[in-house]
Every structure is written in C-alpha cells, then in structure tokens.
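Participant: After the structure tokens below, expect a handful of questions from me.
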Amino acid sequence: MKKQKKKIIWLVLITGAIIGVAVIGYLFRPTSECVCNKKAVATLAATELLNQYETDEEKANSLYLGNVIAVEGIISSVESDDLNRAVVAFESQSFGTVSCTLCEKESEMEKLTEGTTVTIKGQCSGYTFDVVLVKCCLVN
Amino acid sequence: MKLKILIISLFAFMFINGQAQKYITKTGYVYFMSHTDAIDIDGSNNKVAAILDVSNGEMVAIVLIKAFELPLATADKHFNETYMESDDHPKATFIGKLPEVTGLDLTVEGEHEVTAQGTLSIHGKSQEINQKVKLLVKEGKLMGNCDFKVNIDDYGITVPEDVKDRVAKVVDVKIKMTLEPMKNK
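The listed protein sequences derive, respectively, from chains S and W. Following the numbering used here, the residues of the first sequence are numbered contiguously, the last one being 142. Following the numbering used here, the residues of the second sequence are numbered contiguously, the last one being 763.
Here it is in structure tokens:
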C-alpha cells in the first residue's frame, strides 16, 4: 500500500515537472525567425505591390499587413543590416521600393546579385517610403 | 492623408544651389525597454524611415510596429495584439521640426544639441513633444541620437489587470539614426 502511494507521488511529481517544463518552454520560446514554412496568401510582382501601397495604403494593408506574401522582381541592391542579415531592395519606378530583410539562415549574400530576378517570401510589416517585408526567405 | 501630403512636400526640392536640402534614412533604429520587478520586455526595430529638410527643419519619421523584433514569441504576440494593436495602428509617427538645424553649418563636422518639436503618434493617439536630440555631423551625414520616456497611458495603451505588474507604465525608448543626403533616383 505504502509502495503504491510512493509510486503515485513520483508519478504526479514527474508529470508535474514535464508539464512545468513544457509550459515554461512555451512561454519563453523564441520568436520564429523565418516564414520559409508558411504559405503565402498572395504572390505578385514587387512593382505591383509597391504600386498598390502608393495608391491606397489602407486597402493594401487590409490585404497584406501581417500576412506572408511572395514578391517577384529584379534586385536593385543588396545590403547587410546591423545583424548581418541581407536586405534586398527591388527595382522600381518611384522613389520607394520593396525592401526584404532575409532571416539569418537565408542570408547567403552570394546568391543575391543586383540585376537578377528572384522571388522572395516574407511577412509584410507595412509601408513607410518602402513596403517592408521581414523574416524573408528566398523562394527561387 | 496628412502624412502622405507632408512626405510628398518633403520629397520636393531636394537641392538648392547644389547643396543637399533633404536628408533621409530607411534604416533608423529604435529600441524600447519595459522594466518591471517581474520581467523586462524589450524590442527593437531597424527599419525606421525618416526625412529631414534642413532648409526649414521639417521632419517626418515613421516606425512600423510590426517590424519590431521581440526576443520572446509570447511577448511579441502580446505586444502586437494586446498592447499596440498593430493591425489597427500599423505605424507610429513623428511629424514636426528640428528648428535649430536651419542655423547649423552642416559642412562643418561637430556635435550639436537640438530640439525636436512636434507630434508623436503611437497607437492612434497623438501627443505634442519637445525632446532634446544629439546631432552629430560627420562625413556629410547627420547622426541623430535621443532617449526619452513614453507613458503608455498618454497613448491609450491598456494593459489587462492580470498582467499589470509585468508591463511598465513608463517605457524607455532609444532612437539612433544616420541620415544621408538624399540623391535623385
């Protein structure tokens, strides 16, 4: 009887510890860095995305803000930010551009050269003078 | 709409007598820290866009709330969904002036203290601010640096009762940006 009681106490303690670790792990999990495994809600040309934001920012936000989208365009510049992540800007006709910050593991700068056409998937953060995509991954 | 008109007017007349009149950045940095005894929550954003017209001191700065990076996923979710409500209020803006800039000789390197006067809008609420900014003129660029405090009540940011001890009423904010002379595209 005593042995059984001890067994139950151990079982409760171990279960409690596992649940505790899982809860702490969940609460303190790091922010996901990339959207590589997420499905894009829309695929469009970078110039078209910029045009939509320049024409009607509110409408464009209702379609894209916070969502994962894929944009295709010609790279106009590649720079690296203060965390050494590649920041790709697409060619455009206006002053603004579509700016994509690639997530760390995707930041292989050698793949990204000015003048090449690429498709990049990222999370839309909105519009300043540029349309800003973050957590981006190179699709092709 | 007011912001859009102001940006368009700031983009006009980039040069007068060959001298750059507008300085711009798209990679300004903003950092915030909410310090409480229970937990420190911080986040940063290096996508701040700003344009300064040195001929009249007018300035616009735009911060995208969804471009903030918070280390913990739970904090990131609450920051966007509960506190900043970034779907409804996707950007914070400063629209105002740095009046002393017009009196500075920007061809000479040096450090100056100037005042930013204008309207700071966060979470859809606006407040007039008057803030000291350190401005370093170096290699033809303007490097602005400023620390200030934001009282979240002033901007209608509410915190649920059960987590009140985990979110500071007054949040520390640091801004660093390097503005470069704007080039014709």
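Quick reminder that beta carbons are idealized off the backbone N, C-alpha and C, glycines included. Values in this document were obtained by computation on a predicted structure and should not be read as measured data.
Using CA coordinates, which residue listed in W:Asn624, W:Asp631, W:Met611, W:Ser612 is at the minimum distance from W:Glu758?
Facilitator: As a first step, residue 758 of chain W must be located in the second sequence, where it is residue number 180. When only C-alpha atoms are compared, the closest one is W:Asp631.
Participant: Per DSSP, what are the beta-bridge partners of W:Gln695 in this structure?
Facilitator: Indexing the second sequence from 1 puts residue 695 of chain W at position 117. The partner list for W:Gln695 (beta bridge, DSSP) reads W:Lys675, W:Asn708.
Participant: Which class does W:Pro725 belong to by DSSP, given the choice of helix, strand or coil?
Facilitator: Locating residue 725 of chain W in the second sequence gives position 147, counting from the first residue. Rather than Pro, the amino acid found at residue 725 of chain W in this sequence is Asp. DSSP places W:Asp725 in strand when its eight states are reduced to three.
Participant: In or out: W:Gly718 buried (at least 16 other Cβ within 10 Å) or exposed?
Facilitator: In the second sequence, the residue the question calls residue 718 of chain W occupies position 140. Result: exposed.
Participant: Mind checking W:Tyr733: buried by the 16 CB within 10 Å criterion, or exposed?
Facilitator: Against the second sequence, residue 733 of chain W aligns to sequence position 155. Flag for W:Tyr733 reads buried.
Participant: Please work out which residues of its chain come closer than 8 Å, Cβ to Cβ, to W:Pro668, disregarding the five sequence neighbours upstream and downstream, and give them in chain order.
Facilitator: As a working note, residue 668 of chain W is residue 90 in the second sequence. The answer, listed in chain order, is Leu642, Ile643, Lys644.
Participant: Tell me which residues of the region 617–644 of chain W have at least one Cβ-Cβ distance to chain S shorter than 7 Å, keeping chain order.
Facilitator: Asn624, Lys625, Ala627, Ile640, Leu642, Lys644
Participant: Please confirm whether W:Lys716 and W:Asn723 have their CB atoms less than 9 Å apart.
Facilitator: The count along the second sequence starts at 1 and reaches residue 716 of chain W at position 138. The count along the second sequence starts at 1 and reaches residue 723 of chain W at position 145. Contact: no.
Participant: Specify, as a first and last residue, the run of the beta strand (DSSP E) that S:Gln125 falls within.
Facilitator: Your numbering for residue 125 of chain S matches position 123 in the first sequence. Residues 119–129.
Participant: Within the 9 Å Cβ cut-off, does S:Cys138 reach chain W?
Facilitator: Indexing the first sequence from 1 puts residue 138 of chain S at position 136. No - not a single Cβ of chain W is within 9 Å of the one on S:Cys138.
Participant: Is W:Asn624 helix, strand or coil when you go by DSSP?
Facilitator: Numbered from its first residue, the second sequence carries residue 624 of chain W at position 46. Correct three-state label for W:Asn624: strand.
Participant: Which residues in the same chain have their Cβ closer than 7 Å to the Cβ of S:Lys40, if we skip the five residues on either side of it in sequence?
Facilitator: Taking the first residue of the first sequence as position 1, residue 40 of chain S is located at position 38. Excluding positions up to five away in sequence, the list reads Val70.
Participant: Spatial neighbours of W:Glu687 within its chain, please: C-beta separation below 7 Å, excluding the five flanking residues on both sides.
Facilitator: In the second sequence, residue 687 of chain W corresponds to position 109, counting from 1. Val715, Lys716.
Participant: Counting only the same chain and skipping the five closest in sequence on each side, list residues whose C-beta sits under 6 Å from that of S:Gln54.
Facilitator: As a working note, residue 54 of chain S is residue 52 in the first sequence. Closer than 6 Å at the Cβ level, and outside the excluded window around S:Gln54, lie Ala62.
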